[in-house]
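Report on the structure given below.
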Amino acid sequence: MSKQNDNKQDNENGFRPKLDKKSPPPFASKGLLAWFFILGIICLLIFFREPPSNGAQEISYNEFVGMVDNNRLAGGGEIIYNPQAPELKEVIGKYLVDKNTDSSSADASVSTPVPFVIKTTLSDDLREKLLMAGFKMKELNTVWQNLLFGILPFIIIALFIYFLLMRQIRGAGRGAATFGRSRARMLNREKNKTTFKDVAGVDEAIEEVRELVDYLKNPKKFLKLGGKIPRGVLMVGSPGTGKTLLARAIAGEAEADFYSISGSDFVEMFVGVGASRVRDMFEQARKNTPCLVFIDEIDAVGRSRGIGLGGGNDEREQTLNALLVEMDGFEAQEGVIIIAATNRPDVLDPALLRPGRFDRQVVVNLPDIKGREAILKVHSARVKLAKEANLNTIARGTPGYSGAELANLLNEAALMAARANKKEIDMSDLEEARDKVRWGGERRSLALTEEEKQITAWHESGHALLNVLLPHMDPLHKVTIIPRGQALGATMSLPKEDIRNRTRNQMLDMIAMAMAGRIAEKLITNDISTGAAGDIKMATQLARNMVCHWGMSDKLGAVLYGEDNEYVLLGRDMVRGKEYSNETARIIDEEVHRIIREAYQMAEDLILKNRDKVQLIAETLLENESLSGEEVISLIKTGKLPPPPEPPQVAPKPAEKAPEAISLANLPQEEPPPAPATA
Numbered sequence: 004m005s006k007q008n009d010n011k012q013d014n015e016n017g018f019r020p021k022l023d024k025k026s027p028p029p030f031a032s033k034g035l036l037a038w039f040f041i042l043g044i045i046c047l048l049i050f051f052r053e054p055p056s057n058g059a060q061e062i063s064y065n066e067f068v069g070m071v072d073n074n075r076l077a078g079g080g081e082i083i084y085n086p087q088a089p090e091l092k093e094v095i096g097k098y099l100v101d102k103n104t105d106s107s108s109a110d111a112s113v114s115t116p117v118p119f120v121i122k123t124t125l126s127d128d129l130r131e132k133l134l135m136a137g138f139k140m141k142e143l144n145t146v147w148q149n150l151l152f153g154i155l156p157f158i159i160i161a162l163f164i165y166f167l168l169m170r171q172i173r174g175a176g177r178g179a180a181t182f183g184r185s186r187a188r189m190l191n192r193e194k195n196k197t198t199f200k201d202v203a204g205v206d207e208a209i210e211e212v213r214e215l216v217d218y219l220k221n222p223k224k225f226l227k228l229g230g231k232i233p234r235g236v237l238m239v240g241s242p243g244t245g246k247t248l249l250a251r252a253i254a255g256e257a258e259a260d261f262y263s264i265s266g267s268d269f270v271e272m273f274v275g276v277g278a279s280r281v282r283d284m285f286e287q288a289r290k291n292t293p294c295l296v297f298i299d300e301i302d303a304v305g306r307s308r309g310i311g312l313g314g315g316n317d318e319r320e321q322t323l324n325a326l327l328v329e330m331d332g333f334e335a336q337e338g339v340i341i342i343a344a345t346n347r348p349d350v351l352d353p354a355l356l357r358p359g360r361f362d363r364q365v366v367v368n369l370p371d372i373k374g375r376e377a378i379l380k381v382h383s384a385r386v387k388l389a390k391e392a393n394l395n396t397i398a399r400g401t402p403g404y405s406g407a408e409l410a411n412l413l414n415e416a417a418l419m420a421a422r423a424n425k426k427e428i429d430m431s432d433l434e435e436a437r438d439k440v441r442w443g444g445e446r447r448s449l450a451l452t453e454e455e456k457q458i459t460a461w462h463e464s465g466h467a468l469l470n471v472l473l474p475h476m477d478p479l480h481k482v483t484i485i486p487r488g489q490a491l492g493a494t495m496s497l498p499k500e501d502i503r504n505r506t507r508n509q510m511l512d513m514i515a516m517a518m519a520g521r522i523a524e525k526l527i528t529n530d531i532s533t534g535a536a537g538d539i540k541m542a543t544q545l546a547r548n549m550v551c552h553w554g555m556s557d558k559l560g561a562v563l564y565g566e567d568n569e570y571v572l573l574g575r576d577m578v579r580g581k582e583y584s585n586e587t588a589r590i591i592d593e594e595v596h597r598i599i600r601e602a603y604q605m606a607e608d609l610i611l612k613n614r615d616k617v618q619l620i621a622e623t624l625l626e627n628e629s630l631s632g633e634e635v636i637s638l639i640k641t642g643k644l645p646p647p648p649e650p651p652q653v654a655p656k657p658a659e660k661a662p663e664a665i666s667l668a669n670l671p672q673e674e675p676p677p678a679p680a681t682a
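Take a look at the structure:
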């Protein structure tokens, strides 16, 4: 992508790129080269064009000789010759043509001169006759033509070398001079309209960074009391939680200079470039204090030093050292606030996290149910949402979703409604978009045999039955045998509120529910299949975490066995061995097997005791493909599906009211009539 396109994209996003005043404007050399090329073409056309003939007629040599012999040449012509090739001549003159003025008289005729031109080799006798006839000798000037043919090729070669080689060398020199310049972009306050109103679901984080805005607007209020604003704020959170959006909102609220840069912009293949860019960035920031500098993905340059497997000099470590010195070194600067974002705080260098550099860590957590509903309301303002759409239900059904995932959910719902030619996004579109984001799109074209459908139905009915019977499970929301993504069916439960802490009994019930699918399969086929692979994986992870991390094993007690590191830090974790003995590892395996075995036995007892209900749910699934939680509960309790809701009835209008007595302004024209209450 060209530099001009980069600048255009930056302007559209509200960023004002930093331009070098000494560097030439884009495409300057290419435009000059084009002008030279056009000038060369014009010169060639001038020197190689045919001389103006002034309406002269070119005749053959035989005709010309006949005119000379018959004395039909008019005087005043020219014989143009080349002194370097005197045998080549060009004759320009006029010959006489007799034309009758009266058709009745053959003698009435006049001689009309007609211009002619002939290019030929003339003999000396013929030249003498032309001179006697009044023709003059004229020498052809070939100085400029010879000069053009002799010098023009060298000029073209020199221009080609200059523009294609010398300009590139000069550009490389300027690039080397500006290689250490900071790539930070200034956020244009006129185009940045993002404020705290556009950020939802992270109210605590907004309150923590609000004082930065107050300091940028009125720094004297803090300096009077001797207080110091935090020099650096580190925003930590999972991907998609809105860290970058929160930084843009800070800039929009403060209306101050705001520099934005990514951590990867510092790192280059040449040693020392990253450190030079850090120094240049802070030098620019100090000229515009107070200001904000936002570094996105700071873990690209802020990783812990000395943990690599190799030795030697490291460009990233030099960049980190320069960043540490600029933030709080011998020449500490006031008025420059650093805001950094990362989702890997565990790999950052401890010197970067100490007070004086990043004084405060703002945790941007995943939103809770209220936060998810607020995020959905913010994004739903940009789409056409039906009035009956319940965002609270969608918020309850998306635990653990980030703000970016919720925005994607609404976008998917809008696309589905557009494909169905709907004018608004209704609840069915939101439900379908949620299921698509969680499990993938429906695969109705997947050709399943009747046996595979039956196995899937029994598998999901086992999950659904235990979801209803077990006392510590979340309420059942939906069960389906429509293939989605890699799964042939799904059973979904929605908690009433966000779950932040789970008990041991809840874990055991979850493992038992995971095992119920395979047990139900075995009832119908007297065999097992690979459909329970995901259930086994989930159950094993839960059981191992109960034993190793949560202290839920009576034999091993409340002891941590191995750190729960989601990511492996190269050079630190690969050389680390086990933190427990082989005997302890054997006991851990025994406890994991025991937990899963007991949960399996509990699930098997419940399914065998309620086999008729499992069969009823499976047969209903084969017929309807999907069942709601209320329908499954009704099948378990009553053995049949609940009756469909009655359509709302509209009360008849009283006949005695006159039309003019009705106030149209008080009629609820867009709201549907209320549904009758059910017991």
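Residue numbers (our numbering): 4 to 682. Think of the CB as a built atom: it goes at the ideal place given N, C-alpha and C, for glycine as much as any other residue.
If you count every other CB in all the chains shown that lies within 10 Å of the CB of residue i, and 16 or more means buried, which is it?
i           : result
residue 558 : exposed
residue 168 : exposed
residue 287 : buried
residue 496 : buried
residue 119 : buried
residue 207 : exposed
residue 685 : Within the shown structure, residues of the chain are numbered from 4 to 682, placing residue 685 beyond reach of any answer.
residue 60  : exposed
residue 470 : buried
residue 370 : buried
residue 437 : buried
residue 321 : buried
residue 157 : exposed
residue 599 : buried
residue 386 : exposed
residue 163 : exposed
Where does residue i sit, in a helix, a strand or coil, going by DSSP?
i           : result
residue 418 : helix
residue 564 : coil
residue 495 : strand
residue 270 : coil
residue 297 : strand
residue 387 : coil
residue 343 : strand
residue 423 : coil
residue 166 : helix
residue 392 : coil
residue 153 : helix
residue 454 : helix
residue 605 : helix
residue 71  : helix
residue 306 : strand
residue 96  : strand
residue 537 : helix
residue 643 : coil
residue 590 : helix
residue 136 : coil
residue 80  : strand
residue 182 : Below a pLDDT of 50, predicted positions are generally treated as unreliable, and residue 182, at 48, falls in that range; no measurement from the model is reported.
Which whole-angstrom value is the C-beta distance of residue i and residue j, which I expect to be below 8 Å?
i           : j           : result
residue 398 : residue 375 : 4 Å
residue 389 : residue 428 : 6 Å
residue 305 : residue 351 : 5 Å
residue 468 : residue 617 : 5 Å
residue 502 : residue 542 : Actually they do not touch by this definition, with Cβ atoms about 18 Å apart.
residue 1   : residue 257 : The question about residue 1 has no answer here: the residues shown for the chain are numbered 4 through 682.
residue 237 : residue 343 : 5 Å
residue 299 : residue 247 : 6 Å
residue 440 : residue 411 : 6 Å
residue 550 : residue 595 : 6 Å
residue 243 : residue 405 : 3 Å
Point to revise | Ordered list of alpha helix (DSSP H) runs contained in the stretch 467 to 535, each at least 4 residues | key: Segments of the alpha helix (DSSP H) lying fully in the stretch 467 to 535: 507 to 528.
Mind the definition here: the stretch 518 to 525 touches the stretch 604 to 621 only if three or more C-beta pairs lie below 8 Å; say whether that holds. Three or more beta-carbon pairs drawn from the stretch 518 to 525 and the stretch 604 to 621 are found closer than 8 Å, and the two stretches are therefore classed as touching.
At what residue ranges does the stretch 199 to 285 contain a whole run of the alpha helix (DSSP H), taking only runs of 4 or more? You should have 206 to 220, 222 to 227, 246 to 257.
Item to check | Every unbroken beta strand (DSSP E) within the stretch 607 to 638, with a cutoff of 3 residues, ordered by chain | outcome: Qualifying beta strand (DSSP E) stretches, in chain order: 629 to 631.
Measuring CB atoms only, is the stretch 449 to 467 touching the stretch 411 to 426, in the sense that at least three cross pairs come out at less than 8 Å? The stretch 449 to 467, when compared against the stretch 411 to 426, does not touch it at the 8 Å Cβ threshold.
| request: State whether the stretch 449 to 457 contacts the stretch 416 to 425, with contact taken as three or more CB pairs (one from each stretch) at a distance under 8 Å. | output: Proximity of the stretch 449 to 457 to the stretch 416 to 425 falls short of the contact definition, fewer than three beta-carbon pairs being nearer than 8 Å.
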